[in-house]
Amino acid sequence: MTRPRLIALAVATLLAPCSALAAGEIVCSPTAWASLWTDRGSGASRDVSFFRPSTGFTLGDHAQGGGAPTGEACAFSASVPNALAPPTGFTLIYKDVGTGAKQDGSLWRANCPNGYTGLGDVNVIGHALPPLMAQIYRCVRADLVKAVSRGYMDVWNDKKSGGKQDVSVWGWKAFANPHASVPAQTFFLAQGNYAAPAAPQKVLADGVLRYNPPGVPAQAKVEEWMRTYAPVVSFHPKETYFPTSVESYLAVTSPVGNGLALKNPTDPAKPGNLGAARVYVNAKVGASRTELQYWFLYAYNGAGTAYFKNLNWKGTYDSMGDHSMAPCGQHEGDWEHITVAVDNRTGNMIETYLSQHDGGAWYPAVQSTSAGRVRFYSSLNGHAAYFQPARYYSHEVKAGVIEFRLLNDAQAGGKVLDTRAGAGPYLMAVNFLEADVKAKPPYTIAPQAWMGIKGRWGRIFERGAAAAQTDMERKFGSIGGAILTFGTLKLVNLVMDEAGLKSECSQETGPQPPWEKGSWATADREK
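Numbering (mature numbering (1 follows the signal peptide of the UniProt record, and there is no 0)) for the sequence shown: -22 to -1, 1 to 505.
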């Protein structure tokens, strides 16, 4: 058995023993996972499995929605003894009673000594805490931990299980920089209800933890992963604007300044060319993981959809249906992407990022795959990416008796694009995630002339705020009769200001190309 290679990072200067806490270091040694409890047979609408590093200390167990973990586990240790400390005890958060699961299970939270904090919760098979648990778990010295405000991953809840106690499980990345050269291990937090945790996430601070990463993969390996994980896209049954190829798009556009515009704004090219469509890959390579950005080019982005409700005499809201916001949201050209993160050592998919307009979210691989590949649903007109077919809402605004939301409608039953078929994905660029990546192997990427087009890939058309507001007043006023007609101007101003729609409605602006976006050479950001 190969001895794990460890890299530890010492933190600054050691302080005097009688001062605050002394500086410390924490070491991660890659190891295997040990299986813990699973809710199999519980009757819950979703599955969950728990895991723990098979050797060394744990700072918190790992939870995921079924299946085997795809990334490496961290066995933790500390070369400075006081960087980690055993807990003083544990508090029971949940025990599985009345669900019918094949095994009993329970979830616990560590009680830590003064000056230390627990990162993640732990799972136990059965309802009794094993005496050895205090020898396995370690609290982290408080000055080596920081709080960050990031969205939690919704891992599991026991809805429909029939259990006597409600519980939900939420995950987060264990490290301050989740895309640095460290394994993709996550911790979990359990709650005795179904609400998302309000508290910030506790993570190891920047620079506290390092490990020996597997190194940068060769280009042939990156191209193999690119084909292996090429996604499948499902479109809405009513979708009319589909992906195309760069070559097809260039054939129906003309240069305008340093960008592009359709030769004819009413051109039949707007629906795209699904038969010729191709996905374009930007490989962001790190020492531990490789993030494959799959980019899709659409010839046109359709209008947004508004969903309205009105307040009834009971004090609840009744649906007033979906309504097109045309021309708001329309623009020529549309670059959209998802990202698949791959573990450089194992070649396994770790997680997937789905882009959704102004942001997006990372999802564990077990949540995002079908037969080992990502399959996602593209929303009607706007092409935001979602894993499940459903109606997704954003930009909620309540104005008097009216409730307004933007609708992203992602449904099954439409056309499907398998990006592995035909010519397959095209590797257009390679970037390196970390500035300190050493021993970069030679990558040979044939430069494409169209990557020199740095302006907007669609016309810029100023409609004007006054014209946009008039359009919206007319639309809103015709939806709800007298209810919306009264005070319509005030309503429109509220909606457009609070939902951030003024720029969307007052002008049409084609998209920046991928190589001009902030995520081109850095990590994709969550909302």
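Where a beta carbon is used, it is the ideal one built from N, C-alpha and C, also for glycine.
The three-state reading of DSSP puts S139 in coil, since its state is none of H, G, I, E or B. Of the residues assessed, A401 falls on the exposed side of the cut-off, its CB having fewer than 16 other CB atoms within 10 angstroms. Shown here for G67: same chain residues with a beta carbon closer than 6 Å to its own, the five before and five after excluded, namely N89 in chain order. In the DSSP annotation of this structure, the continuous segment of the alpha helix (DSSP H) that includes C483 starts and ends at K480 to S484.
Sequence-distant partners of E494 (beyond 5 residues in either direction) whose C-beta falls short of 6 Å from its own C-beta, in its chain, are K432. Counting of Cβ neighbours within 10 angstroms places R452 among the exposed residues, the total staying below 16. For the 8 Å CB-CB criterion, V181 and K124 form a contact. Note on G104: under 16 other CB atoms within 10 angstroms of its CB, so exposed under the neighbour-count rule.
Here DSSP, grouped into helix, strand and coil, assigns A56 to coil.
Between Y285 and D300 the beta-carbon gap is near 5 Å, inside 8 Å, which marks them as a contact.
D502 places its beta carbon 8 Å or farther from that of Y276. Remark: C-beta atoms of G391 and P215 approach each other more closely than 8 Å. Of all C-beta pairs linking the region 67 to 85 to the region 143 to 151, three or more are shorter than 8 Å, placing the two stretches in contact.
Distance check between S372 and each of L289, T397 and L479 places L479 closest, using alpha-carbon atoms only. The continuous beta strand (DSSP E) containing W340 extends over residues G337 to P342.
Separation of A174 and R128 (C-alpha to C-alpha, rounded to the nearest whole angstrom) is 12 Å.
If one requires a minimum length of 3 residues, the beta strand (DSSP E) runs lying completely within the region 238 to 296 are 258 to 263, 267 to 279 and 283 to 289, in chain order. G44 sits close to S27, with the two beta carbons spaced by under 8 Å. Looking from the CA of H335, the closest CA among S266, G293, D312 and S13 belongs to D312.
Residue environment: E440 is assigned as exposed (fewer than 16 neighbouring CB atoms within 10 Å of its CB, all protein chains considered). Per DSSP, reduced to three states, the secondary structure at L14 is strand. Under the 10 Å beta carbon count, W15 is surrounded by 16 or more other beta carbons and is classified as buried. The continuous alpha helix (DSSP H) containing W203 extends over residues Q197 to T206. Among the bridge pairs identified by DSSP, E381 is matched with K287 and K376. Counting along the chain, I431 sits inside no beta strand (DSSP E), nor does DSSP assign it H or E at all.
At the C-beta level, A363 and S333 come within 8 Å of one another. Counting only residues of its own chain and dropping the five nearest sequence neighbours on each side, A343 has a CB closer than 7 Å to the CB of T48, M327, I328, E329 and T330.
DSSP places L228 inside the alpha helix (DSSP H), whose first and last residues are V224 to A229. As the crow flies, the alpha-carbon of K151 is around 11 Å from that of L167. Taking one beta carbon from each stretch, the region 49 to 65 and the region 4 to 13 have 3 or more pairs nearer than 8 Å; the two touch. Annotated as distal: P403 and V194, with beta-carbon spacing of 8 Å or more. W134 carries a strand assignment under DSSP once its states are collapsed to helix, strand and coil. Taking E486 as reference, the option from W291, N260, Y278 and Y94 with the minimal CA-CA separation is Y278. CA-to-CA, the gap between P489 and E310 works out to about 8 Å. When the Cα atoms are used, R18 and L37 turn out to be separated by approximately 25 Å. With respect to the 8 Å criterion, L228 and R437 are not classified as neighbours on the basis of their beta carbons.
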